[in-house]
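Okay, structure first, notes after.
4 protein chains.
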Amino acid sequence: MIPRYSRPEMVAIWSPETKFRIWFEIEAHACDALAELGVIPKEAAKTIWDKGGKAVFDVARIDEIEAVTKHDVIAFLTHLAEIVGPDARFVHQGMTSSDVLDTTLNIQLVRACDILLAGLDRVLAALKARAFEHKDTVRIGRSHGIHAEPTTMGLTLARFYAEMDRNRARLVAARAEIATGAISGAVGTFANIDPRVEEHVCAALGLVPEPVSTQVIPRDRHAMFFAILGVIASSIENVAIEIRHMQRTEVLEAEEYFSPGQKGSSAMPHKRNPVLTENLTGLARLVRMSVVPAMENVALWHERDISHSSVERAIGPDTTVTLDFALHRLAGVIEKLVVYPENMEKNLNKFRGLVHSQRVLLALTQAGVSREDSYRLVQRNAMKVWEEGKDFLEELLADQEVRAALSEEQIREKFDLGYHTKHVDTIFKRVFGEA
Amino acid sequence: MIPRYSRPEMVAIWSPETKFRIWFEIEAHACDALAELGVIPKEAAKTIWDKGGKAVFDVARIDEIEAVTKHDVIAFLTHLAEIVGPDARFVHQGMTSSDVLDTTLNIQLVRACDILLAGLDRVLAALKARAFEHKDTVRIGRSHGIHAEPTTMGLTLARFYAEMDRNRARLVAARAEIATGAISGAVGTFANIDPRVEEHVCAALGLVPEPVSTQVIPRDRHAMFFAILGVIASSIENVAIEIRHMQRTEVLEAEEYFSPGQKGSSAMPHKRNPVLTENLTGLARLVRMSVVPAMENVALWHERDISHSSVERAIGPDTTVTLDFALHRLAGVIEKLVVYPENMEKNLNKFRGLVHSQRVLLALTQAGVSREDSYRLVQRNAMKVWEEGKDFLEELLADQEVRAALSEEQIREKFDLGYHTKHVDTIFKRVFGEA
Amino acid sequence: MIPRYSRPEMVAIWSPETKFRIWFEIEAHACDALAELGVIPKEAAKTIWDKGGKAVFDVARIDEIEAVTKHDVIAFLTHLAEIVGPDARFVHQGMTSSDVLDTTLNIQLVRACDILLAGLDRVLAALKARAFEHKDTVRIGRSHGIHAEPTTMGLTLARFYAEMDRNRARLVAARAEIATGAISGAVGTFANIDPRVEEHVCAALGLVPEPVSTQVIPRDRHAMFFAILGVIASSIENVAIEIRHMQRTEVLEAEEYFSPGQKGSSAMPHKRNPVLTENLTGLARLVRMSVVPAMENVALWHERDISHSSVERAIGPDTTVTLDFALHRLAGVIEKLVVYPENMEKNLNKFRGLVHSQRVLLALTQAGVSREDSYRLVQRNAMKVWEEGKDFLEELLADQEVRAALSEEQIREKFDLGYHTKHVDTIFKRVFGEA
Amino acid sequence: MIPRYSRPEMVAIWSPETKFRIWFEIEAHACDALAELGVIPKEAAKTIWDKGGKAVFDVARIDEIEAVTKHDVIAFLTHLAEIVGPDARFVHQGMTSSDVLDTTLNIQLVRACDILLAGLDRVLAALKARAFEHKDTVRIGRSHGIHAEPTTMGLTLARFYAEMDRNRARLVAARAEIATGAISGAVGTFANIDPRVEEHVCAALGLVPEPVSTQVIPRDRHAMFFAILGVIASSIENVAIEIRHMQRTEVLEAEEYFSPGQKGSSAMPHKRNPVLTENLTGLARLVRMSVVPAMENVALWHERDISHSSVERAIGPDTTVTLDFALHRLAGVIEKLVVYPENMEKNLNKFRGLVHSQRVLLALTQAGVSREDSYRLVQRNAMKVWEEGKDFLEELLADQEVRAALSEEQIREKFDLGYHTKHVDTIFKRVFGEA
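Chains as they are written, first to last, in UniProt numbering: chain A, 1 to 435; chain B, 1 to 435; chain C, 1 to 435; chain D, 1 to 435.
What follows is the structure in structure tokens.
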């Protein structure tokens with residue numbers, strides 16, 4: 001977790017304070033259930049809530065105890081006993097540390113998910129607004145980095161919207177994957193605790209009881225979770241790469257917003273670097289790197305080994321914090337992206353009409369000219385444009401053989417950009433439900 | 001794709017014959033739509049189906065043409081023209097190669113998914129049958145590879161079932177991710193083809209039209225697809241590792257089925273190697289290795305670059321074929337797994353009752369003995385078992401201080417395995433809906 | 001291994017024929033050593049070489065036997081006995097299958113390395129030739145995709161040369177990593193075979209005896225090997241990305257060679273796609289994906305488990321074949337790369353002299369103008385270029401405040417490109433030892 | 001970087017204080033060279049060393065300035081000017097931020113390497129000491145987790161030694177890979193700074209000048225560096241897995257040291273979990289996860305983009321700190337590993353002599369019995385051991401058909417463990433140069 005790539009809201013989820021608060025809530029809810037089942041006194045459960053509920057857990061004190069006990073949950077329970085008093089002996093009855101730890105991790109991941117969803121929504125809102133703003137801003141479409149046929153900036157943004165919208169659905173699925181809890185004991189048999197405790201605690205905390213756990217919640221869930229984060233990161237990279245390309249000196253169809261006061265901008269006014277999207281490219285790599293270790297975590301030995309734990313201590317916070325930061329950075333970039341329609345037009349016309357050569361070719365064949373002849377006709381005029389800098393339309397209009405097949409109007413019609421944008425509304429309706 | 005790790009059914013999906021058949025169907029369905037829209041003659045569309053529908057495409061001939069044209073789709077269309085005759089000129093009107101290639105890839109992946117689902121169903125059926133068979137077969141649960149508390153073999157299998165059942169849901173989601181088609185032209189604007197063609201072709205082939213495509217279908221879909229395959233592979237590894245552990249010489253709670261005639265088994269009857277599950281461990285790594293490149297494929301330049309193509313030529317077949325093989329190998333292993341309940345019992349009793357020490361500890365504290373004293377009492381008897389090979393139950397019964405707190409009946413009750421299995425039915429009901 | 005991305009020379013290494021030939025040689029050399037040690041008759045060793053040395057092993061026959069024995073080495077030995085006769089009983093004495101299999105794999109990897117080294121040498125030769133050709137071809141250097149300061153095409157190529165030269169050294173190290181053999185028996189103790197047999201076989205086959213093996217050669221060697229291949233692939237991607245950028249329509253400083261007859265080139269003469277370097281980008285992902293599974297292969301259980309085997313059956317051939325193909329494809333691209341110095345010059349001058357603004361700024365401060373004032377002076381002239389399309393040099397010459405600090409000659413001198421290329425020779429000497 | 005998995009010595013390398021100190025040294029050494037070349041006054045260079053050399057840079061102050069300038073190097077230089085006074089204007093002349101940043105990163109990585117080498121040396125020393133201690137401690141070798149032939153604990157440790165020794169050589173190579181510096185300006189042309197400055201600074205700081213750089217030092221070096229760290233981590237996992245297996249309840253051939261006071265040990269004396277080696281397994285995954293992003297960092301756009309930076313901000317510290325911690329944890333585990341030779345013997349004899357069946361088989365064939373008959377003889381006696389719990393030696397001695405081929409002495413000789421350990425010294429000499 002790198003401070004400069006972190007937002008406090010997400011960082012807070014992973015603080016010791018948050019963790020101990022969740023630990024307390026799990027324990028206290030479990031006490032409620034145990035009290036209801038008659039295992040512990042109802043008064044004790046009430047006292048635990050009363051005293052612990054308003055307590056501020058002293059992280060330094062807990063660390064101090066852990067230095068002696070070498071066990072984090074016991075250290076916390078000891079500290080809790082200092083706060084709650086004798087009734088603390090009813091806490092954690094029949095439970096295993098992992099019951100608390102694993103359920104807590106999932107609660108943290110669920111909360112992280114909710115923050116990520118908000119970030120994704122901000123990205124979606126920005127993409128939608130800018131897509132509609134530039135729905136009809138024509139630019140050249142490129143395959144292989146080479147000019148192909150016209151498209152619009154709105155379509156570019158609409159496809160990123162659609163992709164991010166899929167990511168939203170995936171993230172919702174990821175949330176469901178890890179929104180489970182387990183209070184099932186040392187090997188998951190509920191030997192020492194009634195399954196109804198698990199049900200109560202989970203319900204109280206917005207979780208579903210894990211149908212079958214061992215000492216731990218199965219890690220295929222977490223593998224799926226981090227894999228989905230990796231896909232989202234890859235989509236962020238996708239948008240970032242597009243913007244970096246657009247901002248290239250020779251292309252300059254858009255730029256990241258550059259505040260007037262930003263150092264160094266005016267002596268070399270062309271030197272506005274797409275550092276935010278470059279940064280997003282790197283952050284995507286960081287998010288993605290957690291995918292494989294999360295998958296390697298799945299095959300734990302028997303009812304659990306603890307190899308997953310160190311991995312999750314790192315990728316739990318790091319990956320969610322980084323992705324959260326990246327989503328908001330991306331949203332900011334899109335919200336403020338400076339688009340240059342005039343440069344888009346200039347780029348589009350770079351080859352004086354050659355972009356329409358395919359349409360002319362098609363028109364010739366449809367007018368009955370053979371494929372070979374059509375190709376030859378287009379080619380000889382295209383070459384004049386390419387080699388001598390002529391204008392494609394003018395050359396075609398002046399080519400008698402072409403004119404024998406197509407009228408001036410027919411030829412001019414092939415140079416109409418509207419031809420390429422006629423289905424933009426259809427696509428917008430598909431993506432946004434409106435156009 | 002390694003022959004020895006391949007099943008013909010999945011391999012067939014990736015054959016040239018299958019590919020060309022799908023190409024034909026896409027083209028022919030597109031002709032239907034184009035005819036319906038009046039772009040091409042209805043007779044032509046009919047002729048194409050009539051002649052192409054029953055044709056066997058000659059892969060060698062197509063390769064021969066491609067050697068000249070250096071373009072696979074053109075080579076196919078040329079061969080198709082050889083079969084269909086003059087009406088072939090109406091084929092592929094307004095379409096781009098990628099329309100055919102990308103839609104075909106998704107159809108292949110969808111079919112692969114269906115085969116994988118069948119494989120997963122076989123795994124699920126095997127796990128369920130064996131889980132019920134061994135629902136009450138007690139074995140020791142292990143955390144950190146060390147004996148913890150008793151569980152049952154049925155629970156082990158039930159949790160693998162639950163995990164694989166989650167994988168089934170994920171695979172269904174993966175199928176939906178890539179069940180889209182696109183016939184949208186060079187940069188996805190439908191400039192040269194009506195969106196209704198795409199709709200018709202997709203409907204005919206069981207796909208959903210891609211809401212917004214460029215020259216290609218967006219690759220976040222494929223990234224998600226392969227990520228899910230990676231999770232499933234990790235679950236396979238999880239089961240494989242469990243079985244490999246069970247088959248260890250010192251544990252021997254289960255073995256892969258070893259046919260009587262299998263070489264080398266009798267001179268060293270203990271030398272039955274879990275080679276199938278070891279192999280599955282390796283295959284899991286192979287499936288998983290496609291996850292990252294599939295994610296790296298997402299950020300294509302502008303409306304497409306072709307960097308994804310070579311990656312998919314490899315991981316498309318290799319990963320689906322390997323996972324398919326692994327699922328069936330796993331199913332076979334589970335179906336025939338030789339379980340040794342008597343060894344499970346022997347292992348469980350390895351420490352002459354020490355496995356019950358936790359329960360005794362709890363009983364003492366519940367009987368009013370302080371935590372410290374309870375611990376001391378359990379410890380001194382446990383040590384006699386550990387160091388002198390005594391029996392834990394007998395030592396406890398003979399310990400006056402223990403007996404002051406607990407009656408013989410109360411102590412004996414702590415050694416009842418039923419205590420650990422009392423909620424097995426509850427868990428089975430959660431997992432299977434029945435117990 | 002995808003045929004279209006394969007070269008026969010590398011593919012041949014992985015054929016069954018090559019494999020069986022190596023198996024034979026290991027066995028025959030071992031017989032020599034065993035004969036020398038008096039374990040088997042010298043005549044037998046001679047017969048084995050005489051008959052086996054000239055034999056063509058019948059792959060189909062071996063497969064047939066394996067279908068029965070379910071063991072590849074036994075199948076081969078059985079076939080060998082069919083060829084050699086009764087003396088075949090002296091073959092493989094005291095050896096373990098893995099002795100043959102692991103030593104063979106390393107021989108194949110060593111041979112693959114030698115082919116890769118030749119490929120890398122071709123790349124190096126191409127880079128060097130083109131670097132010297134374009135040593136002084138000035139082009140704009142870019143950071144963040146944005147124009148920075150001038151550099152030369154030769155420097156670009158020289159740095160790729162230096163990078164590939166490092167890769168050559170790494171590949172030599174990789175070769176040494178896996179140039180070991182082991183004939184050490186079931187668990188590596190030489191219980192049934194004298195270590196001198198291993199020494200003889202290794203010496204005969206150009207290998208070093210593995211100092212300590214188990215049943216297998218330790219897999220950290222192979223992990224290192226594939227990691228190095230992954231680095232080389234990443235460097236290939238590095239060059240490929242540079243060329244793809246250079247070929248972008250708006251940049252067009254270089255192009256992959258496009259043969260005159262190549263389809264589709266003339267109707268859209270700008271539509272020359274950098275498909276080879278795009279393909280290399282994808283191939284780099286494929287090579288790289290073997291790195292992690294090769295590392296996961298290191299931790300085998302005890303004296304070996306067989307999980308690594310399936311992984312290596314795939315990545316052994318696939319990764320070496322793909323990288324070999326990529327190296328030759330890259331060499332071809334560089335050898336024939338069409339460079340456009342005139343476009344480089346055009347791009348360099350895109351901002352009418354602004355590229356020199358940094359030097360002017362420095363000159364002003366060195367002439368005693370304060371940092372703030374220097375910046376202001378440069379900025380106000382730069383802005384006229386940026387916003388009004390003026391020429392930077394002319395504006396500076398006309399700016400009285402600038403002229404108060406710098407003479408016309410001093411200003412003009414700042415626009416000399418030679419300033420930027422003055423150390424090119426120094427760098428070339430560092431890289432190539434000559435300039 | 002997770003505090004509990006961090007050692008202060010390595011953490012210190014990545015502190016802001018260390019970073020600013022290195023920045024200062026690079027700048028000050030550059031000033032020396034610039035002064036020597038007559039570019040700046042010698043007095044200024046002296047003043048900079050005098051004042052800056054003893055200064056404590058105020059991290060908070062630098063952060064404060066950076067909050068305004070949004071540029072870390074400028075913030076530092078501003079703070080340096082506060083310390084040095086007017087002569088500070090001679091600092092950083094002709095240099096680019098990346099000159100400082102990239103050279104600093106490499107210095108940090110070199111220092112990290114030196115610490116890692118010390119850690120590796122500790123591991124090697126521990127492995128060597130324990131290997132000699134247990135050179136002749138016989139244990140069963142296992143392939144596939146199944147008993148195979150005897151080996152010794154010393155051989156197990158010797159092979160880990162050999163593997164770690166290879167890793168040491170790799171780490172030395174990794175150090176050389178990144179022990180370069182670059183002071184070459186905005187695009188690496190030395191336009192604004194003499195190459196001799198680079199040479200001086202590098203020599204002063206123990207680096208080699210990068211032969212050809214762009215704005216940055218090429219990232220194939222860092223990719224190789226992290227790949228090597230990934231291999232070392234995989235070797236750590238290899239050792240960890242072996243120990244985890246040895247500590248399994250059913251095997252118990254060794255245990256991680258468990259201090260007498262460690263909680264929970266005595267009530268369940270068997271419940272000593274190999275948590276350190278499990279942790280190492282997880283840490284290996286964390287180290288390994290940096291390999292792929294480091295490779296993805298290689299292909300920067302043109303003379304640099306900044307995508308690598310965020311990746312390195314994370315993996316630079318995290319990966320070196322984690323690996324360093326892991327090496328020392330591993331060394332501690334090995335140093336204190338509790339080995340149970342008596343359990344090794346017990347496990348070895350688990351099948352009452354069956355482990356020697358292969359030798360008996362061989363002896364029979366060597367005594368002239370046909371392969372088939374030998375096999376049958378061994379098998380029928382082995383089966384009595386396996387199914388009826390008989391002793392293999394006794395059965396063989398009582399088998400008339402066996403005795404017809406082999407004398408009692410010959411049979412007994414096959415049960416001599418010395419047969420398996422006779423080459424241990426040879427192997428030790430290979431590995432350690434002594435035995």
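All residues carry an ideal CB built from backbone N, CA and C; glycine is no exception. What you are looking at is a predicted structure, and each value in this text was computed from that prediction instead of being measured.
Below-9 Å beta-carbon distance, residue i vs any chain A residue
i, result
"B:G230", "yes"
"C:E177", "no"
Residue i versus the options, residue with shortest Cα-Cα distance
i, options, result
"A:Q247", "A:I228, A:V275 and A:V231", "A:V275"
"C:L397", "C:A169, C:G389 and C:L377", "C:L377"
"D:L330", "D:Y340, D:Q108 and D:E278", "D:E278"
Contact with chain C by residue i, beta-carbon distance below 9 Å
i, result
"D:H302", "yes"
"B:D324", "no"
Outcome for residue i when other beta-carbon atoms lying within 10 angstroms are tallied against a minimum of 16
i, result
"A:N297", "buried"
"B:T421", "buried"
"D:D114", "exposed"
"D:P3", "exposed"
"A:Y257", "exposed"
Three-state class that DSSP yields for residue i in the structure shown
i, result
"C:H134", "coil"
"D:R371", "helix"
"C:H71", "coil"
"C:T365", "helix"
Neighbour flag for residue i against chain D, beta carbons, 9 Å
i, result
"A:I65", "no"
"C:M295", "yes"
9 Å Cβ cutoff, residue i in contact with chain B
i, result
"D:K350", "yes"
"A:S143", "yes"
"C:A314", "yes"
inquiry  = So if I threshold CB-CB distances at 7 Å, which residues from the region 239 to 258 of chain A count as touching chain C?
reply    = Only those residues of the region 239 to 258 of chain A whose C-beta falls short of 7 Å from the nearest C-beta of chain C are listed: R244, Q247, R248, T249, E250 and V251.
ask   = Which of the residues in the region 277 to 289 of chain B, read from start to end, lie with their CB under 7 Å from any CB of chain C?
value = Of all residues in the region 277 to 289 of chain B, those with a C-beta nearer than 7 Å to a C-beta of chain C are E278, N279, T281, G282, L283, R285, L286 and M289, reading in chain order.
message = Taking beta-carbon pairs under 9 Å, can you tell me which members of the region 183 to 207 of chain B lie near chain A?
response = Of all residues in the region 183 to 207 of chain B, S184, G185, A186, V187, G188, T189, F190, A191, N192, D194 and P195 have a Cβ within less than 9 Å of some Cβ in chain A.
inquiry  = Using a Cβ-Cβ cutoff of 9 Å, what residues of the region 121 to 146 of chain D are near chain B? List them in chain order.
reply    = For the region 121 to 146 of chain D, the beta-carbon criterion of a distance under 9 Å to any beta-carbon of chain B is satisfied by I140, R142, S143, H144, G145 and I146.
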